[in-house]
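Undergrad:
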Amino acid sequence: MKEKLIRCPICEAVNVDKGGEVKCRRCHEKIHSYKTVSYNRTVAFLITAMILYIPANVYPILITKQFGVVHKSTILGGIMHLWESGSYPVALIILFASVFVPILKFIFIIYLLISTKYNVKSSIIDKHKLFYITEVIGSWSMVDVFVVAILSVLIHFSAVQIIPGAGATAFALMVFFTMLSALSFDTRLIKK
Amino acid sequence: MTDSELDNFIICKKCHTLHRKIKLHKGTKALCKQCDSVIYRHHHNLIDNTLAISWVLLIALIIGFSFSIMSININGISQELNLPSLIIVIFNNEYYLVGIMLSFLIFIFPVTILLSLITLLTLMKLKKGKYLVKRLLILVAQIAPWSMLDIFFISLLVAMVKLFAFAQLELGVAFGAFVLIMTLDIFIFKRINFSDLWEEYNNIYKESR
């Protein structure tokens, strides 16, 4: 078989890769742009996400007002507080979802991007699997933002109040851009 | 290669290995030879089953979105959490970006996916509206990664654990609905591959092509 076959990410049909722009034969959607376009797009979204990762960790994600005393906590601070108070499983979930997942995604996408330009010795199947993992774990980072939102609704008394901090916005945007970065990556760029 | 020749192939979504399709026996599934993940299954009544589950999901979603998920009680003062209040409080705190993202991720996208599924499956059963079915199938595939109800459910559990320490929690009707939504959601999106639906689409609308 001489022709290279690719999978449509929308309808999962098998298509012949003619290079350049490809339209799916079954759903007629544009499934891939030109390789350089999607490469640059992935890089752009990735850099945006990495920049947003800094304010997401520096600014407080949660502001607690207790009898007039304001206490601000960042993501790492929240995890440390959870760990100290003894809820280890939850601390681990948050640590995984909001610290490890974004960093892992950055590393995975950077690795995939580098491996398209330079020869990296690893099997093509492993790279496809890596990309699949990157896509799947993407939404997990939103856990922290959702938790903050839920807490801010429930703890809304005159004496005690929880308000989302500026970090929440940065964090939500960071997740959004990492997901865009992964979605715009062209799987045809993956090669041996 | 012609379309019908290409239709005999399938590519694994995890490792992108090319496979030649074979006919499956009733109730069996085809695994990838590289990574052992399920590539496709034999479905007995794909459209009917999915349509029935989608309707249950819609009812559960309406319950989950309109009633109290949980309420908290501190010294006799109670506060209730439901989905509309969640979005309203975020907007009241002037976190517009987070508010917009939240309403899309846990409300608009899941509802759109579900309504599209119900519409397209009904149309497929009636064998009508070829173009609309195609657009809806594409729409569902495009926004499926952005629907985050499952993550929201995990967040609910995490928030519960955080609150257990200093308040009394009471679970509402909507929480039960969310448990049901999660189970059915996994059933629909993990079990049914979109390629199966597209094949069904090709079979149904073949005559009118």
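In order, the protein sequences belong to chains A and B.
Numbering-wise (the working numbering), the first sequence opens with residue 2 and increments by one.
Numbering-wise (the working numbering), the second sequence opens with residue 2 and increments by one.
Where a beta carbon is used, it is the ideal one built from N, C-alpha and C, also for glycine.
Bear in mind that the values here come from a model prediction, so they are computed numbers and not experimental data.
Could you spell out the range, first to last residue, of the alpha helix (DSSP H) harbouring A145/B?
TA: Segment: none, A145/B is in no alpha helix (DSSP H) and carries neither H nor E.
Undergrad: L58/B: buried (16+ other C-beta within 10 angstroms of its C-beta) or exposed?
TA: With 16 or more other Cβ atoms within 10 Å, it is buried.
Undergrad: Give me the DSSP bridge partner(s) of A31/B.
TA: A31/B is bridged to Y41/B.
Undergrad: With 9 angstroms as the threshold, decide whether the Cβ of S74/A is near any Cβ in chain B.
TA: For S74/A, the answer is no, since every Cβ of chain B falls outside 9 angstroms of its Cβ.
Undergrad: Three or more beta-carbon pairs under 8 angstroms between the stretch 163 to 182 of chain B and the stretch 63 to 73 of chain B, yes or no?
TA: Yes, since at least three Cβ pairs between the stretch 163 to 182 of chain B and the stretch 63 to 73 of chain B fall closer than 8 angstroms, the two stretches touch.
Undergrad: Consult DSSP for F167/B and reduce its assignment to one of helix, strand or coil.
TA: Here F167/B sits in coil by DSSP.
Undergrad: Between V90/B and chain A, is any beta-carbon pair separated by less than 9 angstroms?
TA: Yes, V90/B counts as interfacial toward chain A.
Undergrad: Looking at V134/B: is its Cβ nearer than 9 angstroms to the Cβ of L121/B?
TA: Yes, these two residues count as a Cβ contact at 9 angstroms.
Undergrad: To which residues of the same chain is W199/B closer than 7 angstroms at the C-beta, ignoring the five residues directly before and after it?
TA: For W199/B, where only same-chain residues beyond five positions count, the Cβ hits under 7 angstroms are L138.
Undergrad: Leaving out the 5 sequence neighbours to the left and right, which residues in its chain are closer than 8 angstroms to A173/A when beta-carbon positions are compared?
TA: Only M143 and V146 meet the Cβ criterion.
Undergrad: Can you check whether the CB of T170/A is closer than 9 angstroms to the CB of V99/B?
TA: A contact, by the Cβ cut-off of 9 angstroms.
Undergrad: Using a Cβ cut-off of 9 angstroms (strictly closer), state whether S156/B contacts chain A.
TA: Yes, contact with chain A.
Undergrad: Give every residue of the same chain whose Cβ lies closer than 6 angstroms to the Cβ of A61/B, excluding the five residues on either side of it in the sequence, and list them in chain order.
TA: Same-chain partners within the cutoff: A178, L181 and I182.
Undergrad: What residue range is occupied by the uninterrupted beta strand (DSSP E) comprising P165/A?
TA: That run of the beta strand (DSSP E) goes V161 to P165.
Undergrad: Any C-beta of chain B within less than 8 angstroms: which residues of the stretch 171 to 187 of chain A qualify?
TA: Answer set for the stretch 171 to 187 of chain A: A173, L174, F177, M180 and L184.
Undergrad: Could you tell me the alpha carbon to alpha carbon distance between Q143/B and G69/A, rounded to whole angstroms?
TA: Spanning the two alpha carbons is a distance of roughly 46 angstroms.
Undergrad: If the cut-off is 9 angstroms on Cβ atoms, which residues from the stretch 48 to 75 of chain B count as contacting chain A, listed in chain order?
TA: Those would be I70, M71, S72, I73 and I75, in chain order.
Undergrad: What is the DSSP secondary structure of E85/A, reduced to helix, strand or coil?
TA: Residue state, collapsed to three classes: helix.
Undergrad: Give the residues from the stretch 12 to 36 of chain B that approach chain A closer than 9 angstroms (Cβ to any Cβ), ordered along the chain.
TA: Listed in sequence order: I12, C13, K14, K15, C16, H17, T18, L19, Q35 and C36.
Undergrad: Measuring alpha carbon to alpha carbon, tell me which of L83/A, M180/A and A57/A ends up nearest V162/B.
TA: Comparing Cα-Cα distances from V162/B to each of L83/A, M180/A and A57/A, the minimum goes to L83/A.
Undergrad: Examine chain A for any beta-carbon lying closer than 9 angstroms to the beta-carbon of R210/B, and answer yes or no.
TA: Its pLDDT being 49, under 50, R210/B is placed unreliably in this model, and the coordinates cannot settle the point.
Undergrad: Suppose the cutoff is 6 angstroms on Cβ atoms and the five residues either side in sequence are ignored; what does the same chain contact list for T135/A look like?
TA: Taken in chain order, the residues that qualify are K106, F109 and A183.
Undergrad: Leaving out five residues before and five after I94/A in sequence, what residues of the same chain have Cβ atoms less than 8 angstroms from its Cβ?
TA: For I94/A, where only same-chain residues beyond five positions count, the Cβ hits under 8 angstroms are V144.
Undergrad: Please list, in chain order, all residues of the same chain as L124/B whose beta carbon is under 6 angstroms from its beta carbon, the five residues on each side excluded.
TA: These residues qualify, in order along the chain: G130 and V134.
Undergrad: Using only the alpha-carbon positions, how far apart do H45/B and T188/A sit?
TA: Rounded to the nearest angstrom, the two C-alpha atoms are 33 angstroms apart.
Undergrad: Less than 9 angstroms between the beta carbons of I189/B and I40/B, yes or no?
TA: Taking 9 angstroms as the Cβ cut-off, I189/B and I40/B do not qualify as a contacting pair.
Undergrad: Output needed for W56/B: all residues of its chain with C-beta closer than 8 angstroms, excluding positions within five of it in sequence on either side, in chain order.
TA: Around W56/B: I119.
Undergrad: Along chain B, which residues have their Cβ under 8 angstroms away from the Cβ of F158/A?
TA: In chain order: I75, I78 and Q80.
Undergrad: Take F46/A and list the residues in its own chain whose beta-carbon comes closer than 8 angstroms to its own, dropping the five residues that flank it on each side.
TA: Once the five neighbours on either side are set aside, the close Cβ partners of F46/A are F178, T179, L181, S182 and S185.
Undergrad: Taking only beta-carbon atoms, is Q143/B less than 9 angstroms away from chain A?
TA: Closer than 9 angstroms: yes.
Undergrad: Looking only at its own chain, which residues have a Cβ that is under 7 angstroms from the Cβ of I107/B, when we skip the five neighbours before and after it?
TA: Excluding sequence neighbours, I107/B sits near M149, L150 and F153.
Undergrad: Are V176/A and P103/A close, meaning C-beta to C-beta below 9 angstroms?
TA: Taking 9 angstroms as the Cβ cut-off, V176/A and P103/A qualify as a contacting pair.
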